[in-house]
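Chains as they are written, first to last, in our numbering: chain A, 13 to 344; chain B, 13 to 344; chain C, 13 to 344.
What follows is a single structure, written as structure tokens, with notes after it.
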């Protein structure tokens, strides 16, 4: 469904310059935009390009004297653009009467709210609860006793193990595995075999979390693993048993957390980071890509970046790199 | 099914102090335990906490003078706890008459033992053999000619390529891929294209192996890839073609082995380790997290830890880190 | 179907010595070969072993005086072997009348060429087009509007998101996810939450690409992600939104590319490499395993190898390692 530019201006709290009746159907890049598209400009130097593009309207931070195109002026054009996109997308609401596909197998004891969509060949176990507006993709397997809140979007072929709790507005990309057994064994000194330590806890995913394709998050061993509200997790990330991840944490692709790690709110983890068990990353810390944190380590400092293995403050790390380079240039 | 504490004491070979008639239904952490739960204490300092918890009984290494709770005393409380958990879990035996779900597609030439469970929408190919007590999860795809032994637990959405052999009591977490084509190509000097080298060998998984969620293990190119008895593999691990992994090897999450690597018995690989082709890791070696081993390298030494890239003995690595740090503190 | 050795000699452009009527059914290693198998020898020192093996014929670079076995002599034995294997395999042509399995769900608006095979429980969305000779494995989910060319082999449980374009002769191993949402968010300065940046572009996979098991490739945010012709991608690789990968690129297992990276033709990336956003790897560069490339970095030099984090020319890297080692041996 299209929206008038005027409506979008109101939603994103922008000043409208020009024709508010223009109809906007989607968002696009400047290079690919056509008449129904909205584009945005963060850097003023691209503004004339945007104005000459095929776009129907432009979001920008500052207006220019004369423009044939309607403009939305606001402080954070990229944020406004993202919100507008969300608004236009949500017109494709899941709250339709599409319902449960005839090949989806929903256990008789499961309770699905109205407007739940279950796609082809999905399997919903006993005692599952799913909130209104949630879509379960084709081929998903949702184990016994799983609770999923409202307006979630679970892409195809996701596995959710028994007992996992998922909040509202959670998005899970295809192939992710939620609530698998953690990696815990006790070695038998007699014969050297590894006995499996019980992995009978659960996994809790709070509201507004997004989880990337083929990522894996283990359930707690005896207690729980928890992913805090608003946290975003990229593809192929591993989170071990008993981890407690705070709110609005960013975890880039292929990062791995072993067991019992605490990540506080607003932490940012780059890609391919590895963190040892029982480490504690305090609020607002940033870990650079491929960085390694030793077990039991505590890292602190809002906005402080760490890098390298073992991780050290970025400033120290850069000094060390410089020393290493200098070392080679000296006569010794 | 519940067990009397007396029965558990016998199984785990512990000395029973107190009421052996207490009924135990499961295991728990000290914080979450209720009356039907068994808990354990490794470190004596948590014993009073355990005794004051809601648990029905405590496994510990030493007894205390007076306690309202029954105790199981033994040399390795954590191991005894793991065994007890296993015992209580196995009461949920797969050897039921749950059988093959009506939507599972089992090829007419496949031979399934009695007490095999095949869940919803699983696909079992021609000439497959599956042993008694094995469960194949929902949405699994088991290729032509695969052999799976007794009492295996294959979680949902696992793919097992044609010809793979799986032993007894093997557990495979959701989304794992067993027996995929290895990564082998021959470059054509004429036009620079890569011709696929045949990947027609097979994969053999021995008894008591566990494989983590979304891990991938390639078949041999011409011969076989083999995972030895009792080896435990975490999530998102990659094992390339022709690797030969020994017995009771531990491979933590996101570790990657390229082709034709030999890992001997009792090796421990930390998370995100990378090993180059044709490397040979001898018995009992330990590789620290994120460590990198060059192609063709041989690492030896029972109980010797290696770290860094290229991997070196931990002692050397730590010295080097110390030197590097010192370097910065000198006037130069 | 078996082939006469004479036919194979013609195909791979080799000189036939001995009986051209020998029937060849497959390829094997020297150790496992039986009478119907073809083997190859790259290194002359294994030639006598090959001649004494059970194989029906041997491909080699040089002939020997007397041999009871027929030989194929050519300049690149391994390449010829790979081609012969391909030829013998293609006898198991997908161009059969196996067709669409009765449990596969194909949307009425999808257009499947003749000789398309769709296996059990696969789901094919609206407006999908699939070319002749392509096989879609069991449990695959192919989203709305996906185009797949001729003679592709999509293994079981692959997810292809809506709008993705796949060329001809593309192979995708099990569990891969193609076209998932990229990892892009805009932080709201007011309340600190992350707003999802639109991920509405698409993914284009060109001809002759191979993608490994459980790898993930994100769609473009607004424009496209593109994987060039002949590129080979191993297992558990992550490729972020807006990346443009050239032709005949090799990407080994567990390597991760964040967003908007350009990789030119003939680049080789080792395993567990990590590349930061907007980096540009020019034609023919080689990156060693576990190497890390900083965002926005440009690496150039045909045939030049880079290693370490941050990546530097291999020669520099090795010097640095040597210095570091020397440092420890000095009295300081």
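Using N, Cα and C, we set each Cβ at its ideal position, and we do this for glycine too.
Against residue 56/B, chain C offers no close residue; the least beta-carbon distance is about 41 Å (beta-carbon pairs closer than 9 Å). Residue 258/C is outside the set of residues whose beta carbon lies under 8 Å from a beta carbon in chain A.
The Cβ of residue 91/C sits closer than 8 Å to at least one Cβ of chain B. Taking CB atoms only, residue 110/C has no neighbour in chain B less than 8 Å away.
About 6 Å separates the CB atoms of residue 237/B and residue 254/B; that is less than 8 Å, so the two are in contact. One finds nothing in chain A with a Cβ atom closer than 8 Å to the Cβ of residue 82/C; even the nearest lies about 47 Å away. CA-CA distance, residue 198/C to residue 192/C, rounds to 18 Å.
When 117/B, 221/B, 215/B and 23/B are compared, the shortest CA-CA separation from residue 98/B is found for 23/B. At a beta-carbon threshold of 9 Å, the residues of chain B lying near residue 169/A are 151, 169 and 187, ordered along the chain.
Using a Cβ-Cβ cut-off of 8 Å, residue 311/B does not count as an interface residue toward chain C, since no Cβ of chain C sits closer than that to its own. Note on residue 87/A: under 16 other CB atoms within 10 angstroms of its CB, so exposed under the neighbour-count rule. Annotation: residue 124/B to residue 36/B spans about 35 Å, alpha carbon to alpha carbon. In this structure, the CA atom of residue 235/C is about 20 Å from the CA atom of residue 247/A. Residue 149/C is not a Cβ neighbour of residue 127/C, given a cutoff of 8 Å. Rounded to the nearest whole angstrom, the C-alpha separation of residue 205/C and residue 239/A is 15 Å. Within the same chain, 112, 124, 130 and 136 come within 7 Å of residue 118/C by CB-CB distance, once the 5 residues on both sides are set aside.
Excluding its 5 nearest sequence neighbours in each direction, residue 169/C has C-beta neighbours in its own chain below 8 Å: 149, 150, 151, 152, 186 and 187, listed in chain order. Listed in chain order, the non-local C-beta contacts of residue 270/A below 7 Å within the same chain comprise 252, 287, 288 and 289, local neighbours out to five positions each way being set aside.
Ranked by Cα distance from residue 219/A, the first of 177/A, 276/A and 83/A is 177/A. Per DSSP, residue 229/B is not a residue of any alpha helix (DSSP H); the beta strand (DSSP E) it occupies stretches across 228-230. Annotation for residue 34/C: 16, 17, 68, 69 and 82 place their beta carbon closer than 8 Å to its own, counting only its chain and skipping 5 residues before and after. Of the other Cβ atoms in all chains shown, 16 or more fall within 10 Å of the Cβ of residue 100/B; this residue is therefore buried.
Taking the Cα of residue 155/A as reference, the smallest distance to any Cα among 143/A, 175/A, 163/A and 165/A is reached at 175/A. Neighbours of residue 39/C in chain B, taken as residues at a C-beta separation under 9 Å, are given in chain order as 210, 212 and 234. Excluding the 5 residues flanking it on each side, residue 296/A has same chain C-beta neighbours closer than 7 Å at 278, 279, 314 and 315, in chain order. Residue environment: residue 142/B is assigned as buried (16 or more neighbouring CB atoms within 10 Å of its CB, all protein chains considered).
For residue 317/B, the enclosing beta strand (DSSP E) has its first and last residue at 317-319. When Cβ-Cβ separations below 8 Å define contact, residue 278/A makes contact with chain C. Contact between residue 29/A and residue 71/A is ruled out by a C-beta separation of about 11 Å, above the 8 Å threshold. For residue 226/A, the chain C residues whose C-beta falls within less than 9 Å of its own C-beta are 187, 188, 189, 192, 226, 227, 228, 248 and 250, listed in chain order. Under a criterion of Cβ atoms nearer than 8 Å, the residues of chain C adjacent to residue 205/B are, in order, 220, 242 and 260.
Residue 66/B sits close to residue 47/B, with the two beta carbons spaced by under 8 Å. Residue 52/B: member of the beta strand (DSSP E) spanning 49-52, first to last residue. Residue 157/C and residue 217/C do not touch by the CB rule: their CB atoms are close to 15 Å apart, not below 8 Å.
Straight through space, the alpha carbons of residue 114/B and residue 93/A are spaced by roughly 49 Å. A straight-line Cα-Cα distance of about 7 Å links residue 95/C and residue 207/B.
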